[in-house]
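Reviewing the structure listed below.
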Amino acid sequence: MFELNPQPMWVYDLQTLCILDVNIAAVNHYLYTREEFLNLNLKDLRPAAEIPKMQAAVEKLTIENLLVTGGSYKHQKRNGEIIDVQLQGNIISFDGKKAEMVIVTDITVLLRAQENSLLLLERLRDAQKIARIGYWTRNINEDISQWCSEMYKIYGRNPETFIPTRQNLVDCFHADDRYLLSEEVLSALATNQNTDYEHRIITEQGEVRWVSQRVELQYGHYGVPVAIKGIIQDITEKKKTDEKFKTIFEQTSDAIILGSLECNRLEFNDAAVNMLGYTQKELSEHMPYQMLTKLSTGSQNAIFEQFKAGEAGSGTTEIRRTDGSDIIVNFNFKPDILPGLHLCVLTDITDRVQNQNKLLASERRFKALVQEGADLIGILDLEGNYKFVSESSYPILGFHPSEFIGKNAFDFIHPDDREQIIGHFSKLSEIKRIKMSPFRFRNSKGNWRWIRTVAINLFGDPAIDGIVVSSRDITEAVFNRGALKRSNERYKSIMKAANQAIYDWDIEKDNVEWGNGFHAIFGYQSNSHNSGEWYKNIHVDDKTKVLAELTKSIEDSNIDVAVSEFRYTKENGEVALVEHRIVFLRNRLGVAIRAVGSLKDITGYKQNLITIQLQNKKLKEIAWAQSHMARAPLARMMGLVDLIKNYPNTDIEKSKILDLFLQSATEFDQIIKEISEHTNDDQ
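Count along the sequence shown from 1, then add 1; that gives the number in our numbering.
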């Protein structure tokens, strides 16, 4: 309530008279900045002549141990303007000190209005005191009236020469008012007993004067009118005053409501009609209480209460217009500006309050952005010393803002980065904004965090008066970038070892981006981005089939991966056998919009495969030879050995057996040689 109160407020030390705290309304009203205000003494807010009065009030407060104070004083704004204020104070404890919280109401305009009203009222009262009141009578049957001496003064006639006959009296009346002397008007006295009216008269010097008359019939003993008598008063000055008040009432931009003492009659000026949205007819159709009740936005009706109480007062309230919208007004109530007539002046402050609310909302957003944002915000002087640091310093670096104040920012920067950042910082004397290269900054644990910083020179802004630095912790991004770089290098090495050419194909735009492998493997430069440029290098015997398969794969929404083999002509004229693998990326309709593919040279692989197949064939032939050709002589040798071993008494001579054994061994040896020669021939 202190900060958001629309009225100026401050708290001061009762002992030192120094301002301890001040709200926004006071800053705006007295034209000091908050910092200037907090360096002020109560004496600084008073004209020199008012200081003794202030000191006496404070001394009385202290001696009598008052808890609540109030009074009217004069204050002096920063620009020297003297204003009248109404102060209301309450004794409080502020940071352990005995202090007074003061609410200030600027009553300068009100006092001026009151002074003007009092001046007009004084004139009216003086006019009543010094007004010449004349008395006259005339017998019914006579033509000459009897005047007192004041009558001649009021009419501006010489009593020695002027005879107040009926005709002379008619000549004194303004031509437009002579109808008041007609027999019809006079005859109405018999019914009304008396008649009050105002009219103009012309003096002997030609001056026009306004007078007010009360005329009555004077009756005889038998109830028969015998004379006419009247009292007349010069109201010329009152008329002039009324015209002035009417002009103010009609021409002022503030809404004015005039009300009777019993609040049974109200009058609204045009400004009030416009403010409330009613017509004069609508206002006149409502009873006064009903009209004031309709202005209320809730259970409280401040304006009606002021009329009801009949006491001077001011404040702020909301009132409801005829269209249902609510506006905020300051009201100043002055009772008895004329006997039985109250005045209430309304000033629409809706826009001012809304602007103040917008300013407060903007300040709250700024505070949330600076104090609670993800970035680290700081303000430095030209030497790089911290003047301000946002609350985000703790979650980012582990330091509380107070730990930075007065310290030099460069002391927290890594020695290897410091010189470069100082160089950037020095340029801010010539350029307003600079984006610095990422650098390392020490946190509370002594670890280095990578941050990216933008610095802006705002020395020209008195609210900032420094260099604003906005920093963001990018440590994770730096580490991730390094890991990504290493991963990319490993990927390139793998792709190079895999003997593959990788490409990214934007099918909708027919734009192909080749990796470095395309040139390394096939010899072609990768500066051509049209798919047709590499299609044309497909072997003529394979091209039709390959393009047909590729077209089918693109159009078939069920195919995500396609693999094919074909011959591809290198830049040097060699024909390579390649394996083409392509992965399609499709939109939600199944249309292929992008593809990632690879061309792998499998020529060497295929040649090795054929060689292995031929070797396998020879091995099979050798195995057959081993199982058939070599088996016969081996079987005979095994039989001869068995004969010698198991049948020693056979009739066959041993020499014969040995000859047969030698023959089989020779045959077996020849087969071994042929297998060896056959194997060597294949190699």
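C-beta: ideal position from N, C-alpha, C; glycine also.
For residue j and residue i, believed in contact at Cβ under 8 Å, the rounded distance
| i | j | result |
| --- | --- | --- |
| Ala100 | Asp14 | 6 Å |
| Ile422 | Phe440 | 5 Å |
| Ile20 | Phe3 | With a Cβ gap of about 13 Å, Ile20 and Phe3 do not count as contacting. |
| Val547 | Asn531 | Between Asn531 and Val547 the Cβ distance is about 17 Å, and since that is not below 8 Å, they are no contact. |
| Asp144 | Thr162 | About 18 Å; that fails the 8 Å criterion. |
| Lys335 | Gln16 | Contact doesn't hold; Cβ gap of about 39 Å is too wide. |
| Thr106 | Gln77 | About 16 Å separates the two Cβ atoms, so there is no contact after all. |
| Tyr525 | Glu556 | Contact doesn't hold; Cβ gap of about 28 Å is too wide. |
Sequence-distant residues of its chain with Cβ nearer than 6 Å to residue i (five each side left out)
| i | result |
| --- | --- |
| Thr476 | Arg450, Trp451 |
| Gln147 | Thr138 |
| Ile1 | Residue 1 is absent from the structure shown; the chain starts at 2 and stops at 684. |
| Asn409 | Gly385, Asn386 |
| Arg473 | Asp376, Arg453 |
| Thr237 | Arg210, Trp211 |
| Ile457 | Arg434, Val469 |
| Val12 | Leu21, Asp22, Phe95, Ala100, Met102 |
| Ile92 | Leu68, Glu101 |
| His30 | Pro9 |
| Ile350 | Ile329, Asn331 |
Residue i (DSSP reduced to helix, strand or coil)
| i | result |
| --- | --- |
| Asp593 | First, the amino acid is wrong: residue 593 is Ala here, not Asp. Strand. |
| Gln662 | Going by the sequence as given, residue 662 is Phe instead of Gln. Helix. |
| Glu514 | strand |
| Tyr31 | helix |
| Gly640 | helix |
| Asn481 | helix |
| Asn386 | strand |
| Thr476 | helix |
| Ala189 | coil |
| His753 | This structure cannot speak to residue 753, because the chain is shown only from 2 to 684. |
| Thr667 | helix |
| Asn24 | coil |
| Asn458 | strand |
| Gly533 | helix |
| Gln129 | Note on Gln129: pLDDT 42, under 50, position unreliable in the model; no value is reported. |
| Leu112 | helix |
| Leu39 | coil |
| Ser403 | helix |
| Lys99 | strand |
| Leu18 | coil |
Cβ of residue i within 8 Å of any chain C Cβ
| i | result |
| --- | --- |
| Arg133 | In summary, chain C is missing from the structure at hand, where a single protein chain is found. |
Opposing strand residues paired with residue i [DSSP bridges]
| i | result |
| --- | --- |
| Glu580 | Glu566, Lys601 |
| Ala89 | Residue 89 is actually Gln in this sequence, not Ala. Gln89 is bridged to Gly71, Ile104. |
| Phe334 | Gly314, Cys345 |
| Glu268 | Leu259 |
| Lys282 | Looking at the DSSP assignment, Lys282 forms no beta bridge with any residue, so it has no partner. |
| Gln219 | Ala228 |
| Met10 | Ile104 |
| Ile468 | Leu381, Asn458 |
| Thr196 | Val216 |
| Lys646 | Answer by DSSP bridge pairing: none, since Lys646 is not bridged. |
Opening and closing residue of the alpha helix (DSSP H) in which residue i lies
| i | result |
| --- | --- |
| Leu43 | Per DSSP, Leu43 belongs to no alpha helix (DSSP H) and is neither H nor E. |
| His425 | 416 to 427 |
| Glu556 | 541 to 556 |
| Asn169 | 167 to 173 |
| Ala502 | Run containing Ala502: none in the alpha helix (DSSP H); it sits in the beta strand (DSSP E), 501 to 507. |
| Pro340 | Element bounds for Pro340: n/a, residue is neither H nor E. |
| Lys154 | 150 to 156 |
| Ser393 | Looking at the DSSP string, Ser393 is not in any alpha helix (DSSP H), and its letter there is neither H nor E. |
Cβ neighbours of residue i in the same chain (closer than 8 Å, five flanking residues each side left out)
| i | result |
| --- | --- |
| Ala666 | Pro634, Met638 |
| Gln206 | Gly157 |
| Ala273 | Ala256, Ile257, Ile258, Leu347 |
Delimiting residues of the beta strand (DSSP E) encompassing residue i
| i | result |
| --- | --- |
| Ala228 | 226 to 235 |
| Lys61 | Counting along the chain, Lys61 falls outside any beta strand (DSSP E), though it belongs to the alpha helix (DSSP H) covering 52 to 64. |
| Tyr136 | 134 to 140 |
| Ile435 | 434 to 436 |
| Arg441 | 440 to 443 |
Sequence-distant residues of the same chain with beta carbon closer than 7 Å to residue i, five excluded per side
| i | result |
| --- | --- |
| Ala596 | Trp506, Ile508, Ile583, Val584, Phe585, Leu586 |
| Lys607 | Leu578 |
| Arg179 | Val171 |
| Asp271 | Glu251 |
| Leu429 | Ile435, Ala456, Asn458, Ile468 |
| Gln129 | Interpretation of Gln129 is limited by its pLDDT of 42, a score under 50 that renders its predicted location unreliable; the figure taken from the coordinates is listed afterwards. Answer for Gln129: no residue qualifies. |
| Ala228 | Thr138, Arg139, Asn140, Ile141, Gln219 |
Closer than 7 Å: residue i CB and nearest the ligand GTP heavy atom
| i | result |
| --- | --- |
| Phe389 | Only the bare structure without any ligand can be found here, which leaves the ligand GTP out of the picture. |
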